[in-house]
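Trainee: Mapped onto our numbering, the consecutive letters of the sequence shown carry residue numbers 8 to 581. Idealized CB from N, CA, C, for every residue including glycine. This one's a predicted model, so the numbers in the text were calculated from it and none came from an experiment. Take this structure, written in structure tokens, and hold onto it; I'll ask about it next.
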Amino acid sequence: MGPSLEALYQVLTAIPYPVFVKDENHRWVLVNQAFCEIMGHTREELLYKTDYDFVPAAQADVFRAIDDHVFATGEPNENEEVLTDASGTVRVITTRKCRVELPTPDGPRPFIVAIFSDITAYREAEARARYHAHHDSLTGLANRMHLGERLQEELIEARAKGTQLALFLLDLDGFKQVNDRYGHAAGDELLQIIATRLKRIVRGRDVVARLGGDEFCVVQVEPDDSSAVDALAERILGVLSEPIVAEWGTARVTASIGISAFPGDAVTQEDLLRYADIALYSVKGSGRASYARYDKQKDGVSNSIGSLAPALEAAIANEEITLAFQPLVSTLDGTPRAFEALARWHHPELGAIPPGVFIPLAERKGLMPALGRLVLRQACDAAAKWDSDLQVRVNISPVQVESGDLVEVIRDVLKETRLPAQRLEIEVTEAVLLNEKSENLHIFHRLKMLGIKIALDDFGSGWTSLDVLRRFPFDRLKIDRSFVANMETDPRAAAVVRAVLSIGKALDLPITAEGVERREQLDVLRTMGCDEVQGHFLGRPKNIRGNGPVDEAEKCAETKEELREANEAGAALG
8 MGPSLEALYQ VLTAIPYPVF VKDENHRWVL VNQAFCEIMG HTREELLYKT DYDFVPAAQA
68 DVFRAIDDHV FATGEPNENE EVLTDASGTV RVITTRKCRV ELPTPDGPRP FIVAIFSDIT
128 AYREAEARAR YHAHHDSLTG LANRMHLGER LQEELIEARA KGTQLALFLL DLDGFKQVND
188 RYGHAAGDEL LQIIATRLKR IVRGRDVVAR LGGDEFCVVQ VEPDDSSAVD ALAERILGVL
248 SEPIVAEWGT ARVTASIGIS AFPGDAVTQE DLLRYADIAL YSVKGSGRAS YARYDKQKDG
308 VSNSIGSLAP ALEAAIANEE ITLAFQPLVS TLDGTPRAFE ALARWHHPEL GAIPPGVFIP
368 LAERKGLMPA LGRLVLRQAC DAAAKWDSDL QVRVNISPVQ VESGDLVEVI RDVLKETRLP
428 AQRLEIEVTE AVLLNEKSEN LHIFHRLKML GIKIALDDFG SGWTSLDVLR RFPFDRLKID
488 RSFVANMETD PRAAAVVRAV LSIGKALDLP ITAEGVERRE QLDVLRTMGC DEVQGHFLGR
548 PKNIRGNGPV DEAEKCAETK EELREANEAG AALG
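The structure is reproduced here in structure tokens:
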């Protein structure tokens, strides 16, 4: 090292920032202590080495290209990059490089001198400021400004792709009473819980925002059709009406929702918000705890949604609710073991109303006991006429369980239809166990005494504890369809399926997997040891008549034969 380089080294060691000098061969010929520390190597280990000896080749290629440009042009370069230091800490670094001529024994030669500046703290503060500028400080949801930005982005994309978009304005009903009774801290916690519930039920690209106070907004991106908009509105109403249990007490709130759509109602975000607000105002003036959609064709609020409740009440009274039956099939031989009764409603003007819309509506409007009684009677009556001893399985709402007369209703229906109790299995969701009421446990034991089977539906999607499985007299667990849908690509989903099957085996509970849409899913479930499956691959819900299950069983002949061969092959290998 010549005297001038030695002198330069003495200067560099006094600088608190990382500094290095590179020659034309991209080797470090001078490094100071600060640079050694951030690289995690000694000076001797770094000297006359290149970036390729210490960082990934792709990153080293970038550094070399920058160095070549500085060498060739003499123009200084400043570059910001993310660097993981020797301790594993991720840092944001600004590197300033310039070309200098330094004396060497062979005469003056060009070198690159670089100095690092650690701007991590600055960038973190900047990110925090940007986050706070775009998010509500209490709930972490998008705020009004961020909503405007996201809504504008989605409108631009929707125009380009020719897709739809729906905007929901929500106003909580009952929030003020919670605030007044329990205090502002309780009100803040309630808003946080509401925000969490809203985020839970929307899809990845959908936007959830808090506009202020107890006002929220949801942007539904690319809904499949009008019924998807209605279904999301019902899910919002349903999830918000669930009791909120906190240390300060238990509360229930509902919501009023106004909806507008792009491009049917408006093409600008200003008009979408204005029309949704008009629809929201109409709901709050007509009873709350409901939703309405703006109808541009009528220059006002659509009556179709508002008329659903009385129309549903009339449909129940006139027994216009029909049933479709879906087979539940053995994985051993493909034989149907039971049929699940699924309610269907065809509105005279609106056409088919999805169960995801009219069942939550019935629960909110107090129609569920009547609807549940009708579905139960129709299902048992149909099963009693089948030329088969197969079970019929019927979904029971938490509202029916809490009504107080479920046992009497089922007993009367069985007597009326003359269906043996052992041929009826009811399915309940984890919502029934929300408060683990002793009354509910007593109801289930009384139903068991009648000879009725009880299945826990959508298992794995909620919070059910193993202690609940021990205390409640379930005869079957049904794996939630979301795990079946993702088990081939998501190892965690597959692990959940295996875990549920293990729990079922340990507790001697048969397991049914819902949502089997493909042959590959069926094969995986059969290999895992699942004994019963349900889904469109095995059979879609149908309005079966005549011999019913007997006729449907014949249609499963191909699946039955394939399963029988697969199981025989598995037994031979074992």
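Tell me, to the nearest whole angstrom, how far the beta carbon of GLU326 is from that of LEU239; I am working on the premise that it is less than 8 Å.
Mentor: What you label residue 326 is simply residue 319 of the sequence shown in a count that begins at 1. What you label residue 239 is simply residue 232 of the sequence shown in a count that begins at 1. Contact flag wrong, Cβ pair sits at about 29 Å.
Trainee: Can you tell me which residues form a DSSP beta bridge with ALA582?
Mentor: Given that the chain is displayed from residue 8 to residue 581, the structure contains no residue 582 and the question cannot be resolved.
Trainee: Determine the direct distance from the alpha carbon of VAL260 to that of LEU516, and round the result to whole angstroms.
Mentor: The residue given as residue 516 occupies position 509 in the sequence shown. The residue given as residue 260 occupies position 253 in the sequence shown. Roughly 37 Å separates the two Cα atoms.
Trainee: Straight-line CA distance for LEU463 to GLU539?
Mentor: In the sequence shown, residue 463 corresponds to position 456, counting from 1. In the sequence shown, residue 539 corresponds to position 532, counting from 1. So the two alpha carbons sit approximately 14 Å from each other.
Trainee: DSSP on VAL226, reduced to helix/strand/coil?
Mentor: The residue given as residue 226 occupies position 219 in the sequence shown. Three-state result, VAL226: strand.
Trainee: If you follow the alpha helix (DSSP H) that GLY363 is in, where does it begin and where does it stop?
Mentor: Taking the first residue of the sequence shown as position 1, residue 363 is located at position 356. Counting along the chain, the alpha helix (DSSP H) containing GLY363 begins and ends at 362-371.
Trainee: Using CA coordinates, which residue listed in ALA389, ILE73, HIS153, LEU280 is at the minimum distance from VAL120?
Mentor: The count along the sequence shown starts at 1 and reaches residue 120 at position 113. Considering only alpha carbons, the answer is ILE73.
Trainee: Grab the span of the beta strand (DSSP E) containing TYR298 for me, first residue to last.
Mentor: As a first step, residue 298 is located in the sequence shown; it is residue number 291 there, counting from the start. Residues 298-302.
Trainee: So, with DSSP's three-state summary, where would you put PRO250?
Mentor: Taking the sequence shown and counting its residues from 1, the one referred to as residue 250 is at position 243. In the structure shown, PRO250 sits in coil (DSSP, three-state: anything other than H, G, I, E or B).
Trainee: Please report the straight-line C-alpha distance between LYS460 and GLU446, rounded to a whole angstrom.
Mentor: Counting from 1 along the sequence shown, the entry for residue 460 is found at position 453. Counting from 1 along the sequence shown, the entry for residue 446 is found at position 439. Taking the straight line joining both Cα atoms gives about 18 Å.
Trainee: When you compare the CB positions of GLN227 and LEU172, do they come within less than 8 Å of one another, or not?
Mentor: One-based indexing of the sequence shown puts residue 227 at position 220. One-based indexing of the sequence shown puts residue 172 at position 165. Yes, the pair counts as a contact, with Cβ atoms nearer than the cut-off.
Trainee: How big is the Cα-Cα spacing for SER267 and TYR301?
Mentor: In the sequence shown, counting from the first residue as 1, residue 267 sits at position 260. In the sequence shown, counting from the first residue as 1, residue 301 sits at position 294. Roughly 5 Å separates the two Cα atoms.
Trainee: Check THR203 in the structure and name its three-state DSSP category.
Mentor: Counting from 1 along the sequence shown, the entry for residue 203 is found at position 196. In this structure, THR203 counts as helix in the three-state DSSP scheme.
Trainee: If we ignore side chains and look at the alpha-carbon of each, how far apart do PHE481 and VAL420 end up?
Mentor: Along the sequence shown, read from residue 1 onward, the residue named residue 481 stands at position 474. Along the sequence shown, read from residue 1 onward, the residue named residue 420 stands at position 413. So the two alpha carbons sit approximately 21 Å from each other.
Trainee: What's the call for ILE433, buried or exposed, on a 16-neighbour Cβ count within 10 Å?
Mentor: In the sequence shown, counting from the first residue as 1, residue 433 sits at position 426. The residue is buried, with at least 16 neighbouring Cβ atoms inside 10 Å.
Trainee: Quick check: the stretch 161-177 against the stretch 212-232, are at least 3 beta-carbon pairs closer than 8 Å?
Mentor: Taking 8 Å as the limit for Cβ pairs, the verdict is that the stretch 161-177 does touch the stretch 212-232.
Trainee: Rounded to the nearest angstrom, what separates SER410 and LEU473 at their Cα positions?
Mentor: Counted from its first residue, the sequence shown places residue 410 at position 403. Counted from its first residue, the sequence shown places residue 473 at position 466. So the alpha carbons of these two residues sit roughly 26 Å apart.
Trainee: Would you say ILE100 and GLU88 are within 8 Å of each other, going by their C-beta atoms?
Mentor: On the sequence shown, position 93 is the one that residue 100 refers to. On the sequence shown, position 81 is the one that residue 88 refers to. Cβ atoms of ILE100 and GLU88: closer than 8 Å.
Trainee: Do the CB positions of PHE78 and GLU133 come within less than 8 Å of each other?
Mentor: As a position in the sequence shown, residue 78 is number 71, starting the count at 1. As a position in the sequence shown, residue 133 is number 126, starting the count at 1. No, they are not a contact pair.
Trainee: Are the beta-carbon atoms belonging to ILE264 and PHE175 less than 8 Å from one another?
Mentor: Your numbering for residue 264 matches position 257 in the sequence shown. Your numbering for residue 175 matches position 168 in the sequence shown. The answer is yes: Cβ separation under 8 Å.
Trainee: Does the distance from the C-beta atom of LEU148 to that of ALA192 stay below 8 Å?
Mentor: Locating residue 148 in the sequence shown gives position 141, where the first residue counts as 1. Locating residue 192 in the sequence shown gives position 185, where the first residue counts as 1. No; because the gap between Cβ atoms is not below 8 Å, this pair is not in contact.
Trainee: Could you confirm whether any beta carbon from chain B is found closer than 8 Å to the beta carbon of VAL507?
Mentor: Included in the structure is just one protein chain, with no chain B present.
Trainee: List in chain order: all unbroken alpha helix (DSSP H) runs of 4+ residues lying wholly within the stretch 167-211.
Mentor: DSSP runs (the alpha helix (DSSP H)) wholly in the stretch 167-211: 182-189, 191-208.
Trainee: Helix, strand or coil, according to DSSP, for MET8 in the structure here?
Mentor: Against the sequence shown, residue 8 aligns to sequence position 1. With a pLDDT of 45 at MET8, under the threshold of 50, the modelled position of this residue cannot be trusted, and the question is left open.
Trainee: Give me, in chain order, the residues of the same chain whose beta-carbon lies closer than 7 Å to that of GLY155; leave out the 5 immediate sequence neighbours on both sides.
Mentor: By one-based count along the sequence shown, residue 155 stands at place 148. Excluding residues within five positions, the ones whose Cβ falls inside 7 Å are GLN276.
Trainee: Where does the unbroken alpha helix (DSSP H) through GLN3 begin, and where does it stop?
Mentor: Only positions 8 to 581 of the chain appear in this structure, which leaves residue 3 out of reach.
Trainee: Mind listing, in chain order, the continuous alpha helix (DSSP H) runs of no fewer than 4 residues lying wholly within the stretch 144-170?
Mentor: Entirely contained in the stretch 144-170, the alpha helix (DSSP H) runs reaching 4 residues are, in chain order, 151-168.
Trainee: Go through the stretch 401-462 residue by residue and report every complete run of the beta strand (DSSP E) that reaches 3 residues or more, in order.
Mentor: Fully enclosed beta strand (DSSP E) runs of 3 or longer: 431-435.
Trainee: How is the beta strand (DSSP E) around HIS509 delimited, first residue to last?
Mentor: Your numbering for residue 509 matches position 502 in the sequence shown. Correcting the residue identity first, residue 509 is Ser in this sequence and not His. Per DSSP, SER509 belongs to no beta strand (DSSP E); it is in the alpha helix (DSSP H), 498-513.
Trainee: May I have a chain-ordered list of the alpha helix (DSSP H) segments no shorter than 4 residues that lie completely inside the stretch 31-101?
Mentor: Listed in chain order, they are 40-46, 50-53, 64-80.
Trainee: Kindly indicate which three-state DSSP category ALA273 falls into: helix, strand or coil?
Mentor: As a first step, residue 273 is located in the sequence shown; it is residue number 266 there, counting from the start. Looking at ALA273 - three-state DSSP - the assignment turns out to be coil, as it is neither helix nor strand.
Trainee: Would you identify the three-state DSSP class for ASP213, choosing helix, strand or coil?
Mentor: In the sequence shown, the residue the question calls residue 213 occupies position 206. Coil.
Trainee: Taking TRP35 as the reference, which of ILE122, VAL97, ALA21, GLY81 has the closest Cα?
Mentor: In the sequence shown, residue 35 corresponds to position 28, counting from 1. Closest by alpha carbon: ILE122.
Trainee: With H, G and I counted as helix, E and B as strand and the rest as coil, what does DSSP make of GLY245?
Mentor: Position 238 of the sequence shown holds residue 245. Three-state result, GLY245: helix.
Trainee: Could you compute how far the alpha carbon of ALA428 sits from the alpha carbon of VAL215?
Mentor: The residue labelled residue 428 in the question sits at position 421 within the sequence shown. The residue labelled residue 215 in the question sits at position 208 within the sequence shown. Rounded to whole angstroms, ALA428 to VAL215 spans 46 Å at the Cα level.
Trainee: With a threshold of 16 other CB atoms inside 10 Å of the CB of PRO63, please say whether the residue is buried or exposed.
Mentor: Position 56 of the sequence shown, counted from the start, is the residue given in the question as residue 63. When all chains shown are included, PRO63 counts as exposed.
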